[in-house]
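Take a look at the structure below.
Residue numbers (our numbering), protein chains in the order written: chain B, 1 to 516; chain H, 517 to 1032.
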């Protein structure tokens, strides 16, 4: 019992009613749970309440109860026979703008029993958040876009359960980690004011909701937890990421960076947490270059340029014929072009070094990575001066944001004991390349740590540990959100960071050109 | 603001969002309410949450909010423009087995703005609770009987609002006071185990429920509060009655009696509360005699017998031709028959005193009250020896219950500072008649106080005062419920009480026969 009562499933034996103890059915069960959970109050929804009398008798008063906390208050979510062979499960969800990942978790063992991912069906409205928010401007649009994601959940929960041999009625909890806009669209809340000055969400901390009320088909009394946001530009996925990184419990100062369309940054330790978010540019997610794309098979993720011969050694994911380049591939390429002298400190092509890879049309220079005959698309894959300028602006923004937040709290980069990089981007990026172009500070390589899908990781923790859920609201409340004022000081720093690696090379002592 | 914040409607001015204060819409409103209500947490349902952004803007951030408490936790129930001419209302409900009374209340002024009553539509299943519970044995039956009462609510709320010129969308709260079975059937909870040993309800304390979830059409985010029960035979209507009587805050000991099919009794003061319930017999509600009926126009409520002439002076409600007799009329008649010597101490007819009113058929004697030609039914109205025997059993049970509870707590009847009688029965009963037959203790007449519809009164209080709502759970928790063991001691007392007024006439010193 002790072991089982540490998670969200509690086994109890309820004494049957008698003339000497005619406590009501629900009260009898709740009293038992209260004593195990050491709490004074446990809430039960009407729908579950209706089932309690026959469930108790059917189970012969030996039950496993799924209990969860809603804003600190215990809630009975489901009742199962103690010796029923079915599992009690929950689904951790990374609700991304582009991809949604579902991980099915056995709530009693804490183990993942299945996982699936699908493209966010709202992409049919628009690949980026802005288009979707504009679409959701009225009730019809909001309902339609909400329906898309809910239908996506239902289809994929169904198939995930099928392939994992889990009855869909045995899914009692969902823990959903997404950015503020995605969470709003998921809950059917209007995201209108998120993108309009002064940029405010409907609400920051959500109560748990009956899955039924959202149209999600799991157990009929199952509930959905959505991570709270700090504000419009700092969402629940970041809170989830912090939980996963454990940054908030460490003595030393760490930084967590999540790079997407925006760069979101949290700096802190067990005593304080400061966060900011800023447009670091889509270049970092492969969104700017004509051949930029998300990391997937056939996408260039590594480039090595031979300093002697100028030969390009390209690597693609799963080693398929190249069809594009991802964000970390872009950074790698930029680093190699710079280190080999093919672009100068301003990021401009150096024709004498580029050789016949350098081409020009309509007055715009480009460097060919893959000739048409070797690419998967049948077209030449190349990077233009425009792509490079855009990437430099993104990396400069990233560095400036890091500088700004560090200065705000009065620390230097050397004070960072850990530099966590979240998400797919974090999984592919090579820190030395990002350092070479001056995108991230020149720290020792072991300071950098890729978290992988920290949004999913945090959601998983909330479904497997009471302590993790209890951390959510305090973390949210502890965060000081720093509004990035794009003032003269910021612009000065930004200008200085628009060079490779920086106008002040002493900031990047490890960066040495490999070609003379 | 101070005045308005004492009830359930709170007026607040919310500062509009700005770049300097981009708190989320809901949080902005909730923070304002928290400071007025001096609470750390206010819950909002998803449906209302969805409306907050546009409601705030439409109202130009000047709003009246309906807030209510759910198990001690504040809940935002509705939002209205501050200078909107519409009222914020709630409906207090006495959910009786036979009659349902709805009282429409302006939540800001606390005043009743309308009232209506209707027969409980579940009567079509059966006039008494047992038949209805048997009908609700399966899900279909339960759903059907639940639907009947919900439809009854909807029709009558609609017409009540219409005649009171109140928009149905301006109804935000329902406070429902009923016995345990009625509350269960209203909420769709199975009453199966209430009538089967060991006689237990599904649950004793109900959370508030969205009216929508019950199928009740008021404001779409309006909520329903149902008074908690102590157990199967001591329901929310009694808790409501206690609140209305104020018995629970007095220094002196009072007793509250509600007479229906069961007699329910609460004895106590500000320090303790003891309750019991027992079958006092339907005779007291006019349910046994062939001509017995509930108090309504044309029903005999008063009888005076001239001790000299033996003339009967009958009074009917609204002075219409007589069609039956109500419970208090029965008691009056019994008292008069006894005091005039027409029945003896055992309750048997004394032929020499009755004269030619006494008739007999099939070996059963009866006394004619109204000849066929004077009655509204065209049939003779008479009371038989069987009716009288039944009434005597009821009055004896009532007296025995009162004796038992007083002895249990170690007090005598003289310690009662107040004897409250609830319900319609309480409004019509004449204490001196009830004393004359030994149904209630021989206390001075001013000790007796009729409460009228205390169930409706308590429900009204809960909608007009925060303090009253806060009293509900503590009262429920304070009540010690005394199971009436029908043991030898009880039977001995019952036998002694089956005489008029009692085998021990010294208990009723004020009762003097008027005829020699």
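Ideal Cβ positions, reconstructed from N, Cα and C, are used throughout, including at glycine.
Cross-strand partners of residue i (DSSP beta bridge)
i                      : result
residue 315 of chain B : B:302
residue 793 of chain H : H:780
residue 397 of chain B : Per DSSP, none; premise fails for residue 397 of chain B.
residue 65 of chain B  : B:10 and B:79
residue 557 of chain H : The partner list for residue 557 of chain H (beta bridge, DSSP) is empty, contrary to what the question assumes.
residue 742 of chain H : H:692
residue 89 of chain B  : B:106 and B:171
residue 927 of chain H : DSSP, once it has assigned bridges, lists no residue as partnering residue 927 of chain H.
Amino acids of chain B, ordered along the chain, whose beta-carbon sits closer than 8 Å to that of residue i
i                      : result
residue 725 of chain H : 46
residue 706 of chain H : 50, 53 and 54
residue 538 of chain H : 198, 199, 200, 231 and 232
Residue i (DSSP reduced to helix, strand or coil)
i                      : result
residue 575 of chain H : coil
residue 763 of chain H : helix
residue 988 of chain H : helix
residue 724 of chain H : coil
residue 404 of chain B : helix
residue 353 of chain B : helix
residue 902 of chain H : helix
residue 808 of chain H : strand
residue 418 of chain B : strand
residue 272 of chain B : coil
residue 379 of chain B : coil
residue 235 of chain B : coil
residue 503 of chain H : Since the displayed chain H opens at 517 and closes at 1032, residue 503 of chain H lies outside it and no answer follows.
residue 799 of chain H : The predicted model places residue 799 of chain H with a pLDDT of 49, which falls under 50 and marks its position as unreliable, so this point remains unresolved.
residue 552 of chain H : helix
residue 520 of chain H : Below a pLDDT of 50, predicted positions are generally treated as unreliable, and residue 520 of chain H, at 46, falls in that range; no measurement from the model is reported.
Partners in chain B for residue i, counting only beta-carbon separations shorter than 7 Å
i                      : result
residue 642 of chain H : The premise fails here: residue 642 of chain H is roughly 22 Å from chain B at the closest Cβ pair, so nothing lies under 7 Å.
Closer than 7 Å at the beta carbon, the chain H residues around residue i
i                      : result
residue 472 of chain B : Near residue 472 of chain B there are no residues of chain H at all, since even the closest Cβ is about 15 Å away, more than 7 Å.
residue 213 of chain B : 562
Residue i, enclosing alpha helix (DSSP H) - first and last residue
i                       : result
residue 490 of chain B  : 488–496
residue 1034 of chain H : Since the displayed chain H opens at 517 and closes at 1032, residue 1034 of chain H lies outside it and no answer follows.
residue 346 of chain B  : Neither: residue 346 of chain B is in no alpha helix (DSSP H) and is coded neither H nor E.
residue 978 of chain H  : 970–980
residue 953 of chain H  : Element bounds for residue 953 of chain H: n/a, residue is neither H nor E.
residue 369 of chain B  : Element bounds for residue 369 of chain B: not the alpha helix (DSSP H) but the beta strand (DSSP E), 364–370.
CA-to-CA distance, residue j to residue i, given in whole angstroms
i                       : j                       : result
residue 239 of chain B  : residue 229 of chain B  : 7 Å
residue 400 of chain B  : residue 236 of chain B  : 24 Å
residue 207 of chain B  : residue 175 of chain B  : 12 Å
residue 269 of chain B  : residue 416 of chain B  : 10 Å
residue 626 of chain H  : residue 850 of chain H  : 42 Å
residue 1021 of chain H : residue 847 of chain H  : 18 Å
residue 71 of chain B   : residue 179 of chain B  : 20 Å
residue 492 of chain B  : residue 147 of chain B  : 46 Å
residue 930 of chain H  : residue 964 of chain H  : 12 Å
residue 1013 of chain H : residue 1026 of chain H : 17 Å
residue 528 of chain H  : residue 291 of chain B  : 54 Å
residue 1011 of chain H : residue 622 of chain H  : 51 Å
residue 738 of chain H  : residue 878 of chain H  : 59 Å
residue 338 of chain B  : residue 246 of chain B  : 36 Å
Residue i: first and last residue of the uninterrupted beta strand (DSSP E) it sits in
i                      : result
residue 199 of chain B : Residue 199 of chain B -> no beta strand (DSSP E), and no H or E assigned at all.
residue 685 of chain H : No beta strand (DSSP E) contains residue 685 of chain H, which DSSP labels as neither H nor E.
residue 336 of chain B : No beta strand (DSSP E) holds residue 336 of chain B; the alpha helix (DSSP H) holding it covers 327–339.
residue 632 of chain H : 628–635
Chain-ordered neighbours of residue i on chain H, where CB pairs are closer than 9 Å
i                     : result
residue 61 of chain B : Under the 9 Å cutoff, chain H gives no residues; its nearest Cβ is about 13 Å from residue 61 of chain B.
Cross-chain neighbours of residue i in chain H, by beta carbon under 8 Å
i                      : result
residue 193 of chain B : 533, 541 and 569
residue 71 of chain B  : 557 and 559
residue 332 of chain B : Ordered by position in chain H, no residue passes the 8 Å Cβ test against residue 332 of chain B, which lies about 38 Å from the chain.
Cutoff 8 Å: residue i Cβ touching any chain A Cβ
i                      : result
residue 262 of chain B : No chain A is part of this structure, whose protein chains are labelled B and H.
Per-residue contacts from residue i into chain B (C-beta, under 9 Å)
i                      : result
residue 703 of chain H : 46, 49 and 50
residue 993 of chain H : Residues of chain B passing the Cβ test: none, with the nearest at roughly 12 Å.
residue 720 of chain H : 23, 24, 26 and 27
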